[in-house]
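First residue of the sequence shown? That's 143 in my numbering, and the numbers climb one at a time after it.
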Amino acid sequence: MGTTGGGKQEVISYASFMSSKAFEFLVGPEKKPFIIHSELVASLSPVLQRLVKGELKEAQKGSVVWEHVDEQTFIRFSHVFTEFREWDDVADILVKLLRYCFENDTPAELREFVVRYAVCHIENLWERTEITELARTHADFSSAIVEAMLYSLSW
């Protein structure tokens, strides 16, 4: 989650963000307070990192006023945090599940479900040697991935 200066995804742990200080955003003309863990905000960009953890007065105070941002826009911005996961843990489980589905006799519905989920994360999964090896050794896996990708394009 988040990016480093080079645009590469930065991974923060659940424990790291849960133990980080709360940061208050006072949003809109009414200055409605929204509280978010500072580590989550900081992980999104270098600019936000400076805002919540740097030398700026807002970072020192633990609060920023964004009166020109409407509440609905801020709520949509904060929605990005609902996707937080420990990707390495999820990917490890997903790789094992894919391997199981293609190395054993499994129900077609299960196999299709797992493949469709994998396609949603294929760019990150493809960096793992276990996935490229599975594609090399199981033609049915490769076919299923391509079919699921084509299916998702037709939505």
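Virtual Cβ for every residue (Gly too), placed ideally from N, Cα, C.
Within the region 223–297, the complete alpha helix (DSSP H) segments of 4 residues or longer fall at 229–245, 250–262, 264–267, 271–279, 281–295, listed in chain order. A direct Cα-Cα distance of roughly 29 Å separates residue 192 from residue 231. Annotation for residue 241: 272, 276 place their beta carbon closer than 8 Å to its own, counting only its chain and skipping 5 residues before and after. With three or more CB-CB distances shorter than 8 Å, the region 160–176 counts as touching the region 206–214. Short of 7 Å from the beta carbon of residue 183, and not among the five residues preceding or following it, lie these beta carbons of its own chain, in chain order: 165, 190, 194. For the region 154–229, the continuous alpha helix (DSSP H) assignments of 4+ residues that do not extend past its boundaries occur at 156–160, 180–184, 188–195, 199–203, 213–220, in sequence order. Sixteen is the threshold: when 16 or more other Cβ atoms of the shown chains lie within 10 Å of the Cβ of residue 243, as they do, the residue is buried. With a 10 Å radius around the Cβ and a threshold of 16 neighbouring Cβ atoms, residue 287 comes out buried. Burial state of residue 296 is exposed, judged by a 10 Å Cβ sphere holding fewer than 16 other Cβ atoms.
For the pair residue 289 and residue 248, the Cα-to-Cα distance works out to about 18 Å. By the neighbour-count definition (other C-beta atoms within 10 Å, threshold 16), residue 185 is a buried residue.
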